[in-house]
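For what it's worth, the working numbering labels the leading residue of the sequence shown as 4, then goes sequentially.
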Amino acid sequence: MLIAPHPDDEALACSVILQQAVRAGAAIRVVYVTDGDDNPWPQRAVERRWSLSASDRKRWGKLRRSEALAALGVLDIHPADVQFLALPDQGLTDLLLRDCNRALTRLIQVIDDWSPTDILAPSLSDIHPDHNAVAVMMRLIFADFLAPRVSQWNYLVHGRSPAFFDRAAELSPSEVETATKRDSIRRHQTQIKLSRRRFLRYATRPERFLRVERESAIWCDGAVHSVSRTRDNLNVDLRFTADPFRMQRSKLFIFGRDSLGRIRACLIRLLGCSADLEMLDCATNQRIGIARYRGHPFAGQFTLPLHLFSPIHDLFIKVDRRPWFFDEAGWIEIPSLPSLEVTPPMISAEAYSLAVRSCTGMAGYGTQEKVASVTRRSSGHNCFGGKFS
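Here you go:
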């Protein structure tokens, strides 16, 4: 089962693995979370109009659905194997932070109805806000609802995060697979109108997949240099790039569950100087605590109270410094405390072909910590050493 945030993600990130799955005779289900209908610049370019109404966007969404079906047809995947959830395009981060229970219920129902053995889903490290929001939802589902026999694999469409690329296994395409992938990408005519070269470059790259495991380490990314978690506090060491466009509206989001298992999300607006800052509930905008920042506009440390969050559930944090469209980095997963109080076994990773399920390599490492604490990992470290075949 492929979970795609938008029409075109299947062609850009998963065309080769889908071709191999078809040849292997695997049952395939493609689920589009949104219709890609809030896509104003390509729509303006194609339709030669500036003002776009709700009906214009709805029509655009239908067009993008038809392009997705055409792209999948190139891969021999039939319309009966496709499902569209029509969640709000460009609105999945707001949905995640304010009330994602209905979205989670729909995703869980889709997965439960089809009972996949393998799920392909976006990476937390993807810098598109819709992609990394879906990734957080899928992590919740993976932790709380999926049977142990179900494997989840992450793919990345946007960005070059070492947190993903240093660990992901490569699936290098054949010449025929590359040509087919290029043909599939071309079916998304609305998208290549403004980005033909960028889109077609995806056809020449290997596809990469990272198997989701229960982590005992934190893979820092973007402005987050290190993180440590105790039962009472979260300490986040931040190192900012000197980008004036990103300095103005920086926010830190924290997402997790409370002691009753309910989803909670809060935000802190950064000032760029040492201060005590309000923690605001994302759903109600009410103050729920005070965080302490000690530093300056380019570096500092946050200390955040965790009384609202359960220590037995994972946390997710993201620094939002978007000046326009893409995030600087995606979400960072912080493991629950019980998973860090026991010496974990050697972590191993087997790079399987998702189509034929053949093992081609493994590597691993071990670590022991009583609190979740880690600095940014070297880009040379790769604990997913194998490759898909």
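The C-beta atom is built at its ideal place from N, Cα and C for all residues, glycine as well.
Because the structure is a prediction, the values reported are computed rather than measured.
According to DSSP, residues forming a beta bridge with D102: Taking the sequence shown and counting its residues from 1, one reaches residue 102 at position 99. Answer by DSSP bridge pairing: none, since D102 is not bridged.
Range covered by the beta strand (DSSP E) that runs through E336: As a working mapping, residue 336 is identified with position 333 in the sequence shown. Boundaries of the beta strand (DSSP E) harbouring E336: 335–337, taken from the DSSP string.
Identity of the residue in L78, K61, I122 nearest F92 by Cα: As a first step, residue 92 is located in the sequence shown; it is residue number 89 there, counting from the start. One detail in the question is off: residue 92 reads as Asp in this sequence, not Phe. For the residues L78, K61, I122, the minimum Cα distance to D92 belongs to K61.
heavy atom of the ligand SAM below 6 Å from I111 C-beta: This structure does not include the ligand SAM; it has no bound ligands of any sort.
Residue(s) in a DSSP beta bridge with E173: As a working mapping, residue 173 is identified with position 170 in the sequence shown. E173 pairs with R211.
Whether P125 touches P314 by CB criterion (7 Å): The count along the sequence shown starts at 1 and reaches residue 125 at position 122. The count along the sequence shown starts at 1 and reaches residue 314 at position 311. In this structure, P314 does not lie closer than 7 Å to P125 by Cβ.
7 Å Cβ cutoff met for L197 and A48: Numbered from 1 along the sequence shown, position 194 holds the residue referred to as residue 197. Numbered from 1 along the sequence shown, position 45 holds the residue referred to as residue 48. Yes, these two residues count as a Cβ contact at 7 Å.
CB contact flag (D40, G64, <7 Å): Here residue 40 is taken as the residue at index 37 of the sequence shown, counted from 1. Here residue 64 is taken as the residue at index 61 of the sequence shown, counted from 1. Taking 7 Å as the Cβ cut-off, D40 and G64 qualify as a contacting pair.
CB contact flag (L337, V230, <7 Å): Locating residue 337 in the sequence shown gives position 334, counting from the first residue. Locating residue 230 in the sequence shown gives position 227, counting from the first residue. Reading the sequence as shown, one finds Ile at residue 337 and not Leu. Contact check for I337 against V230 passes: the beta carbons are separated by less than 7 Å.
Touching by the beta-carbon criterion (3+ pairs, under 8 Å), the stretch 216–224 and the stretch 275–291: No contact exists between the stretch 216–224 and the stretch 275–291.
C-beta contact flag for F312 and G259 at 7 Å: Here residue 312 corresponds to residue number 309 of the sequence shown, with the count starting at 1. Here residue 259 corresponds to residue number 256 of the sequence shown, with the count starting at 1. Contact flag set, yes.
Alpha-carbon to alpha-carbon, I320 and L5: On the sequence shown, residue 5 is found 2 positions in, with the first residue counted as 1. On the sequence shown, residue 320 is found 317 positions in, with the first residue counted as 1. Those two C-alpha atoms are separated by around 25 Å.
Contact set for F145: own chain, Cβ-Cβ below 7 Å, skip 5 residues either direction: Residue 145 sits at position 142 when you count from the first residue of the sequence shown. Excluding five sequence positions before and after F145, the CB atoms of its chain that fall closer than 7 Å to its own CB belong to Q155, V215, given in chain order.
Proximity below 7 Å, CB of V19 to CB of E210: Position 16 of the sequence shown, counted from the start, is the residue given in the question as residue 19. Position 207 of the sequence shown, counted from the start, is the residue given in the question as residue 210. It is a contact, given that the beta carbons lie within the stated cut-off.
Beta-carbon separation (whole angstroms), L110 vs C17, contact threshold 8 Å: By one-based count along the sequence shown, residue 110 stands at place 107. By one-based count along the sequence shown, residue 17 stands at place 14. Cβ atoms of L110 and C17 stay farther apart than 8 Å, at about 18 Å.
Other residues of its chain near D11: CB distance less than 6 Å, five sequence neighbours each side excluded: Position 8 of the sequence shown, counted from the first residue, corresponds to residue 11. Hits under 6 Å: H191, Q194.
Minimum C-alpha distance to Q289 - residue among A106, L270, F328: Here the question's residue 289 lines up with position 286 in the sequence shown. Put simply, of A106, L270, F328 the residue whose alpha carbon is nearest the alpha carbon of Q289 is L270.
Whole-angstrom distance between T108 and Y296, CA atom to CA atom: If you number the sequence shown from 1, residue 296 lands on position 293. If you number the sequence shown from 1, residue 108 lands on position 105. Rounded to whole angstroms, the separation of the alpha carbons of T108 and Y296 is 36 Å.
Opposing strand residues paired with D323 [DSSP bridges]: Position 320 of the sequence shown, counted from the start, is the residue given in the question as residue 323. Under the DSSP definition of a beta bridge, D323 partners with K254.
G292, DSSP secondary structure in three states: For the purposes of this step, residue 292 is taken as residue 289 along the sequence shown, with counting starting at 1. Secondary structure of G292 (DSSP, three-state): strand.
As assigned by DSSP and simplified to three states, the class of S164: Position 161 of the sequence shown, counting from 1, holds the residue named residue 164. S164 sits in coil when the DSSP states are folded into three classes, being neither helix nor strand.
Helix, strand or coil at T37 [DSSP, three-state]: The residue labelled residue 37 in the question sits at position 34 within the sequence shown. Reduced to three states, the DSSP call for T37 is strand.
Cβ distance (whole Å) where V322 is taken to contact S253 below 8 Å: As a first step, residue 322 is located in the sequence shown; it is residue number 319 there, counting from the start. As a first step, residue 253 is located in the sequence shown; it is residue number 250 there, counting from the start. Yes, V322 and S253 are in contact; Cβ-Cβ is about 7 Å, under 8 Å.
Anticipated Cβ contact below 8 Å, G162 with D133, distance rounded: Position 159 of the sequence shown holds residue 162. Position 130 of the sequence shown holds residue 133. Contact between G162 and D133 does not hold, since the beta-carbon distance rounds to 13 Å and is not under 8 Å.
Nearest neighbour of L127, chosen from T96, F148, P119 [CA to CA]: Your numbering for residue 127 matches position 124 in the sequence shown. The option with the nearest alpha carbon to L127 is T96.
Outcome for L45 when other beta-carbon atoms lying within 10 angstroms are tallied against a minimum of 16: Numbered from 1 along the sequence shown, position 42 holds the residue referred to as residue 45. The amino acid occupying residue 45 in the given sequence is Pro; Leu does not appear at that position. Around the beta-carbon of P45, 16 or more other beta-carbon atoms lie within 10 Å, marking it buried.
Span of the alpha helix (DSSP H), counted from its first residue to its last, around N135: Reading the sequence shown from its first residue, position 132 is the one you call residue 135. 132–147 is the span of the alpha helix (DSSP H), which, as asked, contains N135.
Residue span of the alpha helix (DSSP H) that contains A16, given as start and end: Start at 1 with the first residue of the sequence shown, and residue 16 comes out as number 13. Under the DSSP assignment, A16 falls in the alpha helix (DSSP H) whose first and last residues are 12–26.
Close beta carbons around N238, own chain, < 6 Å, minus the five adjacent residues each side: In the sequence shown, counting from the first residue as 1, residue 238 sits at position 235. So the qualifying residues of the chain are S231, T306.
Cβ pair A171, L213 closer than 7 Å: Walking along the sequence shown from the start, residue 171 turns up at place 168. Walking along the sequence shown from the start, residue 213 turns up at place 210. In this structure, the beta-carbon distance from A171 to L213 falls below 7 Å.
Exposure of S356, with buried meaning 16 or more beta-carbon neighbours within 10 Å: Here residue 356 corresponds to residue number 353 of the sequence shown, with the count starting at 1. Low confidence applies to S356: its pLDDT is 37, below 50, so where it sits in the model is not reliable, and the reading given next is rough at best. Answer is buried; the Cβ neighbour count reaches 16.
Beta-carbon proximity of L99 to A136, cut-off 7 Å: Along the sequence shown, one-based indexing puts residue 99 at 96. Along the sequence shown, one-based indexing puts residue 136 at 133. A136 is positioned such that its CB atom lies closer than 7 Å to that of L99.
Inter-residue Cα distance where the pair is L55 and P43: Stepping through the sequence shown from its first residue, residue 55 is reached at position 52. Stepping through the sequence shown from its first residue, residue 43 is reached at position 40. Cα-Cα distance, rounded: 8 Å.
Enclosing beta strand (DSSP E) for S262 [first to last residue]: As a working note, residue 262 is residue 259 in the sequence shown. Looking at the DSSP string, S262 is not in any beta strand (DSSP E), and its letter there is neither H nor E.
Rounded Cβ spacing between G333 and S164 (contact assumed at less than 8 Å): Walking along the sequence shown from the start, residue 333 turns up at place 330. Walking along the sequence shown from the start, residue 164 turns up at place 161. Contact holds; Cβ gap of about 7 Å.
Neighbourhood of R272 by C-beta, 6 Å cutoff - its chain only, sequence neighbours within 5 removed: Numbered from 1 along the sequence shown, position 269 holds the residue referred to as residue 272. Correct list, in chain order: K254.
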